[in-house]
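Q:
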Amino acid sequence: MKYIGTITAMLALFISASVSAQESQEKEQDKLSYYEQRAKEDAVYEQSLTTNNEEDEKDFWKDQKRYEKDLRKRDKEAYKAYMKGKQDAYAEHAQHCDDHCHHSREYYGHAHFYYTYYDYQYPRRTYVGTGLQVSSPRVGISIF
Numbered sequence: 048m049k050y051i052g053t054i055t056a057m058l059a060l061f062i063s064a065s066v067s068a069q070e071s072q073e074k075e076q077d078k079l080s081y082y083e084q085r086a087k088e089d090a091v092y093e094q095s096l097t098t099n100n101e102e103d104e105k106d107f108w109k110d111q112k113r114y115e116k117d118l119r120k121r122d123k124e125a126y127k128a129y130m131k132g133k134q135d136a137y138a139e140h141a142q143h144c145d146d147h148c149h150h151s152r153e154y155y156g157h158a159h160f161y162y163t164y165y166d167y168q169y170p171r172r173t174y175v176g177t178g179l180q181v182s183s184p185r186v187g188i189s190i191f
């Protein structure tokens, strides 16, 4: 009789532990899908962002990067889900984005990080860039 009570108690404990584990897995999955959905909403907002002031746009992107950095520090799994959602949204946008999309230079600078659509060609714009390369002679000292 003693053994039946012990076995029943152990069985109840095992069942409650497995149910608790399933609930925590479901909560984790809900949290990850929340961050993916949030990332997609953020991406849609970023792609439709139009500001008259360049400083406001820089502040927006700075805040966005700070949010992502803080999320990465707080919860790596949530950060991965968020970035996956962003990459999916940006890849989807890249398939139909062309000259009719009037994104700013700041947008392209930050969006490049999210694009995973490899066939995407950035709109041609003329930017003047300079490069300077100076070579210096090699000096070696030997004992023999």
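In our numbering, each residue carries its 1-based index in the sequence shown increased by 47. Even glycine gets a Cβ: it sits at the ideal position worked out from N, Cα and C. Source: prediction; values computed, not measured.
Would you identify the three-state DSSP class for residue 104, choosing helix, strand or coil?
A: helix
Q: Would residue 160 count as contacting chain B if we go by Cβ distances under 8 Å?
A: As a matter of chain content, chain B is missing from the structure shown, which is built from one protein chain.
Q: Examine the Cβ distances between the region 130-150 and the region 99-110 and report whether three or more of them are shorter than 8 Å.
A: no
Q: Going by C-alpha distance, which of 181, 180 and 158 is nearest residue 109?
A: 158
Q: For residue 80 and residue 92, what's the separation of their Cα atoms in angstroms?
A: Distance between the alpha carbons of residue 80 and residue 92 is about 18 Å.
Q: With distance defined between alpha-carbon atoms, name the residue in 95, 105, 179 and 118 nearest to residue 156.
A: For the options 95, 105, 179 and 118, the alpha carbon positioned closest to that of residue 156 is the one of 105.
Q: Taking its Cβ as the centre, do 16 or more other Cβ atoms sit within 10 Å of residue 132, making it buried, or is it exposed?
A: buried
Q: Leaving out five residues before and five after residue 84 in sequence, what residues of the same chain have Cβ atoms less than 8 Å from its Cβ?
A: Taken in chain order, the residues that qualify are 132.
Q: Exposed or buried, which one is residue 114 when buried takes at least 16 other CB atoms within 10 Å?
A: exposed
Q: Curious, which full-length alpha helix (DSSP H) runs of at least 4 residues does the region 71-151 contain?
A: 101-121 and 123-143
Q: State the DSSP-derived secondary structure class of residue 21, mapped to helix, strand or coil.
A: Because the chain in this structure spans residues 48 to 191, residue 21 falls outside the shown range and cannot be described.
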